[in-house]
Amino acid sequence: MSSVSLTKPLRRLRFPLVPFNKPYRVSQRSLHLAPPWLLDDYIPRYHLISSLDAAKKRSLAYAHLRECNLCPRKCGVNRYEKSGMCLVGAQTVKVNTIAPHFGEEPCFQGHNGSGSVFFSGCNLRCSFCQNWDISHQLNGFDLTPEELAEWYMKLQEVGRVHNINLVTPEHVVPQVVLSILHARELGLRLPIIYNTSSFDSLESLELLDGLVDIYLPDFKVWTDKSSKRLLKADNYTETAMESIKAMHAQVGDLCFTGDGIAKKGVLVRHLVMPGMEEEGKQIVKWLAENVSKDIMVHIMEQYFPRAHVGKPLRGKKAGADASSDATAKVRYEEINRPVDLSEVESIKKAAQEAGIWRFVEAAKHGGFNI
Ligand code: SF4
Numbered sequence: 087m088s089s090v091s092l093t094k095p096l097r098r099l100r101f102p103l104v105p106f107n108k109p110y111r112v113s114q115r116s117l118h119l120a121p122p123w124l125l126d127d128y129i130p131r132y133h134l135i136s137s138l139d140a141a142k143k144r145s146l147a148y149a150h151l152r153e154c155n156l157c158p159r160k161c162g163v164n165r166y167e168k169s170g171m172c173l174v175g176a177q178t179v180k181v182n183t184i185a186p187h188f189g190e191e192p193c194f195q196g197h198n199g200s201g202s203v204f205f206s207g208c209n210l211r212c213s214f215c216q217n218w219d220i221s222h223q224l225n226g227f228d229l230t231p232e233e234l235a236e237w238y239m240k241l242q243e244v245g246r247v248h249n250i251n252l253v254t255p256e257h258v259v260p261q262v263v264l265s266i267l268h269a270r271e272l273g274l275r276l277p278i279i280y281n282t283s284s285f286d287s288l289e290s291l292e293l294l295d296g297l298v299d300i301y302l303p304d305f306k307v308w309t310d311k312s313s314k315r316l317l318k319a320d321n322y323t324e325t326a327m328e329s330i331k332a333m334h335a336q337v338g339d340l341c342f343t344g345d346g347i348a349k350k351g352v353l354v355r356h357l358v359m360p361g362m363e364e365e366g367k368q369i370v371k372w373l374a375e376n377v378s379k380d381i382m383v384h385i386m387e388q389y390f391p392r393a394h395v396g397k398p399l400r401g402k403k404a405g406a407d408a409s410s411d412a413t414a415k416v417r418y419e420e421i422n423r424p425v426d427l428s429e430v431e432s433i434k435k436a437a438q439e440a441g442i443w444r445f446v447e448a449a450k451h452g453g454f455n456i
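In terms of our numbering, the sequence shown opens at residue 87 and continues consecutively.
Spelled out as structure tokens, the structure:
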């Protein structure tokens, strides 16, 4: 480590000398960040891949659409002819909303918003989905990958957003890949966020490698019982573990530029579920022990009963829909309440005890928390 000698002439020190008649201007917010997570500047990864690699990714994207095993559902369908479980074909994607969004973490939404693209459809069927009207049904408008790329440009040029935030994109990865490659030719220069449930396949993440800057995965539940019952997926936990490890291997821990905006890395979200503290504790412990103790984590407290939760039991299926409590009066009665703050705190405490120390909170208002 070098040290500064007090006997050396002042001009050899690297501080800018500011004339007394000019105000000292600080061009960037000061961050209390250690160098490994502070970037001087940032070039999106999709600008660093060669034309040859870009062409390979394009042809691989088309190949995947002809026999889609891109998520763990492994439908194996030719999406040019019919759709699989996600209900989305090959030529277009269904998009519900595209806009600067102020419902994200402060390091993503900054002052101008995160350029969010909310895809319609999903490869999971979470009983409590907070966006079920667009994820369980196809509501929105159809866009080709080229049209999608033009929207990214509008978000950049008109919206002045800080990033392109692809929300629930797991089932449209080939089209997303084609859109990013087209947008790089149009002049896109914003980081790409892949905002996922973590029900991704390794093939899908390999296709995205070199194109995505920030992975924003959920880690929803820990046990297979919860995965089957609440997400309608057999192998969610194992898939999420593999996916998050692969994401972290690509981009590492979350890094920021001096303006406080995240540019590269992984941020894991865990939505605390009522009565499921133990699962949350296992998830954060696993992250610390198997991914990184420096992983950035958002332990979210905004769960609210939605979608199928709290709805009347259905006819003959009532027994199957009810929880193990035979006296249940509504569907998914065990999660039919908001979370208690003590549940949130106990998961945060478990994360700290496991060695995690980088936490992010939701923005307190529609902009930076400053
Ligand atoms: S992305 Fe859609 S079609 Fe492809 S495997 Fe998953 S659910 Fe099936």
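For every residue, glycine included, the Cβ atom is placed at its ideal position computed from N, Cα and C.
The beta strand (DSSP E) enclosing residue i, as first and last residue numbers
i, result
"residue 341", "341-343"
"residue 384", "382-386"
"residue 168", "Looking at the DSSP string, residue 168 is not in any beta strand (DSSP E), and its letter there is neither H nor E."
"residue 301", "300-303"
"residue 355", "348-357"
"residue 391", "Note, residue 391: premise wrong, no beta strand (DSSP E); not H, not E."
"residue 137", "Premise fails: residue 137 lies in the alpha helix (DSSP H), 137-152, not in any beta strand (DSSP E)."
"residue 186", "179-187"
"residue 205", "200-205"
Distance between beta carbons of residue j and residue i, contact taken as under 8 Å
i, j, result
"residue 226", "residue 181", "5 Å"
"residue 308", "residue 365", "4 Å"
"residue 175", "residue 161", "Contact flag wrong, Cβ pair sits at about 12 Å."
"residue 359", "residue 322", "Not really, about 13 Å apart at Cβ, beyond 8 Å."
"residue 356", "residue 327", "Incorrect: roughly 13 Å between the Cβ atoms, too far for contact."
"residue 418", "residue 283", "In fact, because the Cβ distance is near 18 Å, the residues do not count as touching under 8 Å."
"residue 173", "residue 207", "5 Å"
"residue 340", "residue 123", "7 Å"
"residue 300", "residue 351", "6 Å"
"residue 229", "residue 247", "Actually they do not touch by this definition, with Cβ atoms about 18 Å apart."
"residue 371", "residue 436", "6 Å"
"residue 290", "residue 157", "7 Å"
"residue 267", "residue 349", "Going by Cβ atoms, the distance from residue 267 to residue 349 rounds to 20 Å, so no, they are not a contact pair."
"residue 147", "residue 263", "5 Å"
Residue i burial status per 10 Å Cβ neighbour count (16 or more: buried)
i, result
"residue 256", "buried"
"residue 133", "exposed"
"residue 260", "buried"
"residue 109", "Any reading at residue 109 needs caution, since the residue's pLDDT is 45, under 50, leaving its predicted position unreliable; the model's value is listed next. Residue 109 comes out exposed."
"residue 306", "buried"
"residue 114", "In this predicted model, residue 114 has a pLDDT of only 49, less than 50, meaning its place in the structure is not dependable enough to derive any value."
"residue 104", "For residue 104, the predicted model reports a pLDDT of 42, less than 50, meaning its position is unreliable and no value from the coordinates is stated."
"residue 281", "buried"
"residue 145", "exposed"
"residue 272", "exposed"
"residue 288", "exposed"
"residue 293", "buried"
"residue 152", "exposed"
"residue 363", "buried"
"residue 469", "Outside the shown range of the chain (87 to 456) lies residue 469, about which nothing can therefore be said."
"residue 324", "exposed"
"residue 269", "buried"
"residue 166", "exposed"
"residue 400", "exposed"
"residue 335", "exposed"
"residue 279", "buried"
"residue 319", "buried"
"residue 238", "buried"
"residue 381", "buried"
"residue 191", "buried"
"residue 448", "exposed"
"residue 427", "exposed"
"residue 136", "exposed"
Enclosing alpha helix (DSSP H) for residue i [first to last residue]
i, result
"residue 325", "322-337"
"residue 430", "427-440"
"residue 376", "363-376"
"residue 290", "288-294"
"residue 194", "192-195"
Heavy atom of the ligand ADP within 7 Å of residue i beta-carbon
i, result
"residue 333", "The model on display carries the ligand SF4 but not the ligand ADP."
Alpha helix (DSSP H) runs wholly inside the region 215-280, at least 4 long, in chain order: 218-221, 231-243 and 259-272
Could you check whether the region 310-322 touches the region 193-204, counting it as contact only if at least three pairs of C-beta atoms, one from each stretch, sit closer than 8 Å? no
Inter-stretch contact at 8 Å, needing at least 3 Cβ pairs: the region 216-226 / the region 184-199: no
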